[in-house]
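Trainee: Be aware that the sequence shown starts at 20, since it is given in our numbering, and climbs by one per residue.
Before I ask anything, let me first share the structure, which is written out below as structure tokens.
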Amino acid sequence: MNQALSLYRRLVSFPGGRWLYGRLICFKAPYFATISPQFRALEPGRCEVAIRDRRRVHNHIGTVHAIALCNAAELTAGMMTDVTIPSSMRWIPKGMTVEYLAKATGTLVATAQPESPAREATSGYAWPALVSVRNAAGDEVFRARIDMWVSPRKA
């Protein structure tokens with residue numbers, strides 16, 4: 020089992036485990052600490068992360084700013100990819116296309132899922148991850164398609 024997934028499954032059974040998991044991920048990848056992610060689900064083929072509506076993620080008009088939404092998308096897609104692809108493979112984001120659909124306010128939940136099943140391969144391939152960000156009412160406010168480059172791990 021993937022190390023990130025194994026740790027998540029161990030920690031979520033404890034009070035504050037989801038919070039601690041988010042802090043550990045941000046320690047490993049400090050840039051994501053800017054959105055204070057709260058992991059709600061992590062399993063092969065799916066990752067769900069919430070970001071609270073706080074001043075530090077606001078733009079000048081009082082909504083959650085574009086880069087915070089992109090950070091949430093990259094984090095959820097990356098974690099979903101990490102726990103989904105075969106252990107013999109590695110990944111890196113290669114590109115991202117985003118759509119801003121509505122003003123993003125309140126607590127937002129980003130959900131990442133793969134566009135197609137992951138596969139073992141002898142050479143690299145593009146593997147798109149789809150991310151949808153919804154507000155508390157369930158309305159989609161942002162969506163992203165992140166192209167992951169998946170390739171065999173070096174021996």
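Every residue gets a Cβ at the ideal spot worked out from N, C-alpha and C, and that includes glycine.
Could you give the first and the last residue of the continuous alpha helix (DSSP H) run that contains Y27?
Mentor: Here residue 27 corresponds to residue number 8 of the sequence shown, with the count starting at 1. Unbroken alpha helix (DSSP H) run through Y27: Q22 to L30.
Trainee: Please list the terminal residues of the continuous beta strand (DSSP E) segment that includes E62.
Mentor: The residue labelled residue 62 in the question sits at position 43 within the sequence shown. Residues Q57 to E62.
Trainee: Am I right that Y23 and D101 are in contact with their C-beta atoms under 8 Å? What's the rounded C-beta distance?
Mentor: Within the sequence shown, residue 23 is the residue found at index 4, counting from 1. Within the sequence shown, residue 101 is the residue found at index 82, counting from 1. It should be noted that the sequence gives Ala, not Tyr, for residue 23. Their Cβ separation, rounded to whole angstroms, is 5 Å, which keeps A23 and D101 in contact under 8 Å.
Trainee: L88: buried (16+ other C-beta within 10 angstroms of its C-beta) or exposed?
Mentor: On the sequence shown, position 69 is the one that residue 88 refers to. By the 10 Å Cβ count, L88 comes out buried.
Trainee: What beta strand (DSSP E) runs, 3 residues minimum, are completely inside the segment 106 to 167?
Mentor: Counting only runs of 3 or more, we get 108 to 119, 127 to 133 and 144 to 153.
Trainee: Helix, strand or coil for I54, going by three-state DSSP, please let me know.
Mentor: Numbered from its first residue, the sequence shown carries residue 54 at position 35. Helix, per DSSP.
Trainee: Measure the C-alpha to C-alpha separation of W146 and K122 and round it to an integer number of angstroms.
Mentor: Numbered from 1 along the sequence shown, position 127 holds the residue referred to as residue 146. Numbered from 1 along the sequence shown, position 103 holds the residue referred to as residue 122. Cα-Cα distance, rounded: 29 Å.
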